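Below: one structure, written as C-alpha cells.
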Amino acid sequence: FIQAKKLKVYLAHQLKAVSGWEEMIVGQLGKRIYITLDLDVLDPSEMPGVGTPEPAGLHYQDLIRLIKTLANSGKEVIGFDLVELAPIEGEVVSEFGCARLLYQMIGWLWSGTKS
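End of the sequence shown sits at 230 in the working numbering; the numbers just go up one at a time, nothing left out.
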C-alpha cells in the first residue's frame, strides 16, 4: 500500500536528525488535509497507554511543534482523529495527554490561535 500510494515514511530518529523537520513534513502535504494521529508515534515514557508502544518515539513537544507548524502553514485541515489510545488501569497520564492534545489541536487548527 505504501509503495502503491507513493507514501513517505519517516522514523522518529530520522526526523530528529533533521533541523526543521516540521517544515519539511508540512511542506509535503497538500492544501486540504485530514489528519489521523496514531498516538503510538509518541514515546511510551510520555504516552504509555497506547496499542503498540514504540520506544524512542517522538516526544509530546516534538508533536506540538509539528502541529503548530501546520497551524501556521495556511493549509486547510478539514478534520482529524486520534487513534490507538489504550488506557492502562490505574494510570491516567495517557488519557490526560490525549485530551490535552485534542483540545490544543482544536484551538490551534480552528480558532486562529497559532502560538
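Cβ coordinates follow ideal geometry from the N, Cα and C atoms, glycine included. Keep in mind that this is a model prediction, so the values were computed, not measured.
Which stretch, first to last residue, makes up the beta strand (DSSP E) that contains residue i?
i, result
"Y149", "R147 to D153"
Give every residue of the same chain whose Cβ lies closer than 8 Å to the Cβ of residue i, excluding the five residues on either side of it in the sequence, and list them in chain order.
i, result
"K190", "V141, L144, G145, K146, R147 and I148"
Short of 7 Å in beta carbon distance, which residues of its chain neighbour residue i, apart from the five on each side in sequence? Order them along the chain.
i, result
"M139", "V133"
Using DSSP with H/G/I as helix, E/B as strand and the rest coil, what is residue i?
i, result
"V165", "strand"
"G194", "strand"
"L181", "helix"
"L217", "helix"
"L224", "helix"
"L130", "helix"
Please check the pair residue i and residue j, which I expect to be a contact at CB under 8 Å, by giving their CB distance rounded to whole angstroms.
i, j, result
"D158", "L178", "About 10 Å; that fails the 8 Å criterion."
"L197", "G164", "That belief does not hold up - the Cβ atoms of L197 and G164 are roughly 12 Å apart, past 8 Å."
Could you name the residues of the same chain whose beta carbon sits closer than 6 Å to that of residue i, not counting the 5 residues immediately before and after it, in chain order?
i, result
"L152", "L197"
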